[in-house]
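Numbering follows numbering that gives the first Met the number 0, in which position 204 of the sequence shown is assigned residue number 203; successive positions increment by one, without gaps.
The C-beta atom is built at its ideal place from N, Cα and C for all residues, glycine as well.
In what follows, a single structure is set out as structure tokens and then discussed.
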Amino acid sequence: MQTLIRIIHDYGISFNELILGDRHLRYPLYLLYHGYLLPAQQKHLNINRSIFDTKDFFCNYIYGVNREFRHKAFEVFNTYKKVMSPGTGNNNMPEHPLVLTQPEKIAFQKKCKFSIAFDSVRMPGFVTEKILHAFAAKTIPIYFGDPHIDEQFNKKSFIDVADYDFDLERVLEKIIEIDQNDDLYLDMLQQPAFVHEDFIDLKRKEFENFIYNIFDQDNKDAFRRSTIAAPKAHEERLKEYNRLSKSRVYGLLKRFFDYI
0 MQTLIRIIHD YGISFNELIL GDRHLRYPLY LLYHGYLLPA QQKHLNINRS
50 IFDTKDFFCN YIYGVNREFR HKAFEVFNTY KKVMSPGTGN NNMPEHPLVL
100 TQPEKIAFQK KCKFSIAFDS VRMPGFVTEK ILHAFAAKTI PIYFGDPHID
150 EQFNKKSFID VADYDFDLER VLEKIIEIDQ NDDLYLDMLQ QPAFVHEDFI
200 DLKRKEFENF IYNIFDQDNK DAFRRSTIAA PKAHEERLKE YNRLSKSRVY
250 GLLKRFFDYI
């Protein structure tokens, strides 16, 4: 990704942790889930013992695809108490309507004390909506994913399996400790989700500044990519492809091959 932006593009926005001066902005994927940012940011407010009256279930697992490690977590945690799975992956609630949409997911998670919030891969910068949804639902996330998650989210507010060397039996021991101690559970729920109270506003300001920096410059000063050697040749190939794609002959050929 870093090489692509350096060679092909002047600027780039992604969830990757890249160092390219003012040419790249890391904008976490979960920040695109606007409807759940404020609930997650405020999840620790007005938490008291009455929250236990809303918790009908121990833990939830809501996924459409069963990745190997999170499937294993589902099995290990089930040895303690039933992990409710109303989605299409590992469904063990045939009597319950399938949970398919984000609002349905949040509504169900609110009934659970814990949520399995495992991202698909462990990669720096890659944080999806899974931990955000769990926070928005006022449940404790059990997280797997970004090794730098503590730079964004408050480690006192969730369980990170990396802290237990990815040993799910040890993770379960911690879950049991919290589950069986109401004071510990409340203490975690009362912790803010983000490392900074104004984390979301700061990220939005970074995005705004990034865009303004590009367009506040004169055109000639805004260019960043190289215009010599391989980058220049690649740019010329892209221009030629763009020219051909707009030509009448290309359009006729494309329709012909689509037809056959």
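Can you tell me the Cβ-Cβ gap for residue i and residue j, rounded? I've got them flagged as a contact below 8 Å.
| i | j | result |
| --- | --- | --- |
| Phe113 | Ile139 | 5 Å |
| Gln108 | Asn59 | 6 Å |
| Phe209 | Gly124 | No, Phe209 and Gly124 are not in contact; Cβ-Cβ is about 16 Å, not under 8 Å. |
| Leu30 | Lys202 | 6 Å |
| Ala72 | Ile12 | Not really, about 32 Å apart at Cβ, beyond 8 Å. |
| Lys110 | Leu188 | Contact doesn't hold; Cβ gap of about 14 Å is too wide. |
| Phe76 | Leu183 | Rounded, the Cβ-Cβ distance is 17 Å, inconsistent with contact. |
| Asn89 | His70 | 7 Å |
| Ile213 | Tyr10 | 6 Å |
| Phe134 | Lys42 | 5 Å |
Evaluate residue i with the Cβ neighbour count: other Cβ atoms within 10 Å of its Cβ, from every protein chain shown; 16 or more gives buried, anything less gives exposed.
| i | result |
| --- | --- |
| Gln151 | buried |
| His95 | exposed |
| Arg242 | exposed |
| Pro93 | exposed |
| Gly144 | buried |
| Gln40 | buried |
| Ile175 | exposed |
Between the C-alpha atoms of residue i and residue j, what's the straight-line distance to the nearest angstrom?
| i | j | result |
| --- | --- | --- |
| Phe117 | Arg22 | 31 Å |
| Tyr211 | Tyr79 | 52 Å |
| Ser156 | Phe198 | 15 Å |
| Tyr35 | Leu131 | 7 Å |
| Asn65 | Asp149 | 25 Å |
| Lys54 | Ala192 | 19 Å |
| Ile46 | Ala106 | 17 Å |
| Leu44 | Leu24 | 31 Å |
| Asn180 | Asp186 | 10 Å |
| Arg121 | Leu37 | 26 Å |
| Gly63 | Ser84 | 10 Å |
| Met0 | Ser49 | A caution first: Met0 carries a pLDDT of 48, below 50, which makes its placement in the model too unreliable to give a value. |
Ignore the nearest five residues each way along the sequence and tell me which others in residue i's own chain have a CB closer than 6 Å to its CB.
| i | result |
| --- | --- |
| Asp159 | Tyr142 |
| Phe61 | The question names Phe, but residue 61 is Ile in the sequence shown. Here the set comprises Gly86, Val98 and Lys104. |
| Val82 | Cys58, Tyr60, Phe73 and Phe76 |
Excluding the five sequence neighbours on either side, which residues of its own chain have a C-beta within less than 8 Å of the C-beta of residue i, listed in chain order?
| i | result |
| --- | --- |
| Leu28 | Phe14, Phe125, Val126, Thr127 and Glu128 |
| Phe261 | Absent from the model: residue 261. The displayed extent of the chain is 0 to 259, so no value can be given. |
Helix or strand or just coil, what does DSSP make of residue i?
| i | result |
| --- | --- |
| Ala192 | coil |
| Leu36 | helix |
| Arg25 | strand |
| Ser13 | strand |
| Tyr142 | strand |
| Asp149 | helix |
| Ala318 | With the chain covering only 0 through 259, there is no way to say anything about residue 318. |
Would you say residue i reaches chain C, if we count a Cβ-Cβ gap shorter than 9 Å as a contact?
| i | result |
| --- | --- |
| Tyr184 | Any reference to chain C falls outside this structure, which holds one protein chain only. |
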